[in-house]
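Report on one structure; see the data block that follows.
There are 2 protein chains.
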Amino acid sequence: MKTIAIYHNKGGVGKTTIAINLAASLQKQGHKILLIDLDSQANSTFATGLMKFLFVEDDDLRDRNVSHVIESGDYDFIPDVVRKTDGFNHPEIDVIPSHINLIQKQSKLNQVASYKTRLVTKLKRVEEDYDIVIIDTPPSRDIYTEIALYAADYLIIPSDLKPFANQGLPTVLEFISQIDEFRALIGKNNLEILGILPSKISTNSKFLNYVFPKQKESLLNSHNLPIMNSIIFERTVLSQCTNQTITMGDLEIPDPKSVLEFAPDSPAAMEFVQLTEEVLEKLGK
Amino acid sequence: MKTIAIYHNKGGVGKTTIAINLAASLQKQGHKILLIDLDSQANSTFATGLMKFLFVEDDDLRDRNVSHVIESGDYDFIPDVVRKTDGFNHPEIDVIPSHINLIQKQSKLNQVASYKTRLVTKLKRVEEDYDIVIIDTPPSRDIYTEIALYAADYLIIPSDLKPFANQGLPTVLEFISQIDEFRALIGKNNLEILGILPSKISTNSKFLNYVFPKQKESLLNSHNLPIMNSIIFERTVLSQCTNQTITMGDLEIPDPKSVLEFAPDSPAAMEFVQLTEEVLEKLGK
Chain A
1 MKTIAIYHNK
11 GGVGKTTIAI
21 NLAASLQKQG
31 HKILLIDLDS
41 QANSTFATGL
51 MKFLFVEDDD
61 LRDRNVSHVI
71 ESGDYDFIPD
81 VVRKTDGFNH
91 PEIDVIPSHI
101 NLIQKQSKLN
111 QVASYKTRLV
121 TKLKRVEEDY
131 DIVIIDTPPS
141 RDIYTEIALY
151 AADYLIIPSD
161 LKPFANQGLP
171 TVLEFISQID
181 EFRALIGKNN
191 LEILGILPSK
201 ISTNSKFLNY
211 VFPKQKESLL
221 NSHNLPIMNS
231 IIFERTVLSQ
241 CTNQTITMGD
251 LEIPDPKSVL
261 EFAPDSPAAM
271 EFVQLTEEVL
281 EKLGK
Chain B
1 MKTIAIYHNK
11 GGVGKTTIAI
21 NLAASLQKQG
31 HKILLIDLDS
41 QANSTFATGL
51 MKFLFVEDDD
61 LRDRNVSHVI
71 ESGDYDFIPD
81 VVRKTDGFNH
91 PEIDVIPSHI
101 NLIQKQSKLN
111 QVASYKTRLV
121 TKLKRVEEDY
131 DIVIIDTPPS
141 RDIYTEIALY
151 AADYLIIPSD
161 LKPFANQGLP
171 TVLEFISQID
181 EFRALIGKNN
191 LEILGILPSK
201 ISTNSKFLNY
211 VFPKQKESLL
221 NSHNLPIMNS
231 IIFERTVLSQ
241 CTNQTITMGD
251 LEIPDPKSVL
261 EFAPDSPAAM
271 EFVQLTEEVL
281 EKLGK
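Just so you know, the sequences run in chain order A and B.
Residue numbers for the first sequence follow the UniProt record's numbering, so the first one is 1 and each next one is one higher.
Residue numbers for the second sequence follow the UniProt record's numbering, so the first one is 1 and each next one is one higher.
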């Protein structure tokens, strides 16, 4: 089992889009995937169709989500909290959902060091059940990011290559070196950076010919980081498939799809297939 | 001078859209406005046209942004760091921009209590220069939110009224009561909550007739909070005006507009005019 965290401290660079569609594409290719949402904003939870309720009283995520994995002392807890996506992708994916309550639990979790490594221990117990675990993270430097980066073996850093994403990288790297210090102590190798993944890249030809190469060059000049070959372009279909709904009586219910399910022949779907191949190759699979 | 913070810990509920367009509408009505971006993701800075650069070396925000207001011991510092928006709105607005570097500075700022109240003191020195100050905040509970909520007199809580926004409210209220405790110590009144502002509300008639009233009712039943009369609907034009660009040679440069500038006769613009009237009335202006 290999575990990949998707992280950048710059928000809005496509972390969730990448996490959910990479998971979907890997699952379609026959790999057994677990997707973990560690962001209190729960975008991956929504985008994989686990938030089909419109009213607080129908919220079935409150009592069974990723915060319970961290809080519970039961090491065989993951199977209890996993749920299958519902109409998002065929085959469906196993997901550990997040919840807005993670914000409230943050100060409690910060008090005890063992909370930070519970996910590491618990993932070991499901090693036989999954081939690849993908973890979506918050665009910040909080305890949930820390938990994700202890649990992961590999890191993908999505970036739109714009100045702020580039200037956020020294903070990401400083964070990773602190993470690696503690990983050594718990007998884990350094986090392996699969690379910066260019994401939300404009398809405008002037941009691609002039701005994009310059932004890539500026990135290479300022940081000693690999850039992945795959590119995730900014495409309307990627938001369309997340915004799908179904009408049930008087209600319009969220019914998101993976891009591979919604528009399998689209350029966006092809780009995710290419990313999947690159990831599998880098993981030696 | 009255200061309004726009805050909710649930992200994606329209904080930035509300901050920038409320500021624009107030400025158009002849009020002297200062907009402060206290979110490291710098969405308000981008959406008011202060991020017109595409490459790191052209970044003119790095050395003069809101983090310097907090760090500097010079109490007459605000005029040095303010800049006018550029094509965003007529008349243009004074903005204190943010920067991704705020993430890196967070641990330094957390060490000294006086950083948390610098904005309070510095805003007093520009009391004659502005009628209304609007502060955009991060969707979290970090030092920048704390700084914003000490500096503000009033609070608007944008909410899409969905379950997670509703369930995030107890954490918001707990935070505010801690904020008020310290405000009392520095001689400030409790933060006055202008209300929950329904935001990103679907215009679908079934939704408006059935789901929206139930969500409002659920909110009223669970929290003793006023709901504002204004409603900001989810409208395509609101993202269109932020995504405007101009072509300059080989480059496509961001050139965002306020909705009042871009589509003054649109329903969205009208909704912001109505919000402006409600806010002015509640501020006794």
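The C-beta atom is built at its ideal place from N, Cα and C for all residues, glycine as well.
Predicted model only: the values in this text are computed from it and were never measured.
- Here K162 of chain A has no same chain residue with a Cβ atom under 6 Å from its own Cβ, once five neighbours each way along the sequence are excluded.
- Cβ-Cβ distances below 7 Å link N9 of chain B to P139, S140, R141, G168, T171 and V172 in the same chain, with the five nearest sequence neighbours on each side left out; the list follows chain order.
- Going by beta carbons, I156 of chain A and P198 of chain A fall outside the 8 Å limit.
- Not one beta carbon of chain B lies nearer than 8 Å to the beta carbon of L220 of chain A.
- Straight-line measurement puts the Cα of K105 of chain A at about 44 Å from the Cα of P264 of chain B.
- Boundaries of the beta strand (DSSP E) harbouring M248 of chain A: T245 to M248, taken from the DSSP string.
- Taking 8 Å as the cut-off, the beta carbon of L149 of chain A is found closer than this to the beta carbon of L191 of chain A.
- Secondary-structure assignment with DSSP links D94 of chain B through a beta bridge to B:L34 and B:K84.
- In the assembly as shown, D59 of chain B is a buried residue. Its beta-carbon has 16 or more other beta-carbons within 10 Å.
- Residues of the region 65-94 of chain B that bring their beta carbon within less than 8 Å of a beta carbon in chain A are absent altogether.
- The DSSP-derived three-state label of K122 of chain B is helix.
- Interface residue (Cβ-Cβ distance to chain B less than 8 Å): I147 of chain A is not classified as such.
- The shortest CA-to-CA distance from N224 of chain A to any of A:C241, A:L194 and A:E127 is the one to A:L194.
- N166 of chain B reaches chain A at V56, counting residues in chain order whose Cβ is nearer than 7 Å.
- Taking the CA atoms as reference points, D63 of chain A sits about 12 Å from V82 of chain A.
- Here M270 of chain A is exposed. Its C-beta has fewer than 16 other C-beta atoms within 10 Å.
- Apart from the 5 residues on each side of it in sequence, A24 of chain A sits with its Cβ closer than 6 Å to the Cβ of N89, S258 and L260 in its chain, given in chain order.
- Interface annotation for the region 2-28 of chain A against chain B: N9, K10, G11 and G12, criterion Cβ-Cβ distance under 8 Å.
- Looking at the DSSP output, A5 of chain B sits in a beta bridge with B:I135 and B:L155.
- Counting the other CB atoms within 10 Å of its CB gives S239 of chain B a total below 16, which places it among the exposed residues.
- Contact between K206 of chain B and D250 of chain A holds: CB atoms are separated by about 6 Å, below the 8 Å threshold.
- E128 of chain A and T276 of chain A have their C-alpha atoms roughly 21 Å apart.
- Counting the other CB atoms within 10 Å of its CB gives L102 of chain B a total of 16 or more, which places it among the buried residues.
- Annotation: I227 of chain A has no Cβ neighbours in chain B at a cutoff of 9 Å; minimum Cβ distance is about 15 Å.
- Here I20 of chain A has S44, A47 and T48 as same chain residues with Cβ atoms under 6 Å from its own Cβ, once five neighbours each way along the sequence are excluded.
- The bridge partners DSSP lists for P254 of chain B are B:T245.
- Burial state of K285 of chain B is exposed, judged by a 10 Å Cβ sphere holding fewer than 16 other Cβ atoms.
- Secondary structure at E128 of chain A: coil, using DSSP grouped into helix, strand and coil.
- Taking 8 Å as the CB threshold, K206 of chain A lines the interface with chain B.
- Taking N189 of chain A as reference, the option from A:E57, A:L109, A:Y115 and A:V120 with the minimal CA-CA separation is A:V120.
- Just measuring C-alpha positions, the residue of B:P158, B:K282 and B:E281 sitting nearest T16 of chain B is B:P158.
- At a C-beta separation below 9 Å, N243 of chain A has no neighbours in chain B, since its nearest C-beta there lies roughly 11 Å away.
- Only buried fits E146 of chain A, as 16 or more other CB atoms lie within 10 angstroms of its CB.
- Within chain A, the residues whose beta carbon sits less than 7 Å from that of E252 of chain B are N204, K206 and F207, listed in sequence order.
- Between Q178 of chain B and S230 of chain B, the CB-CB gap reaches or exceeds 8 Å.
- In this structure, the CA atom of P213 of chain B is about 23 Å from the CA atom of V279 of chain B.
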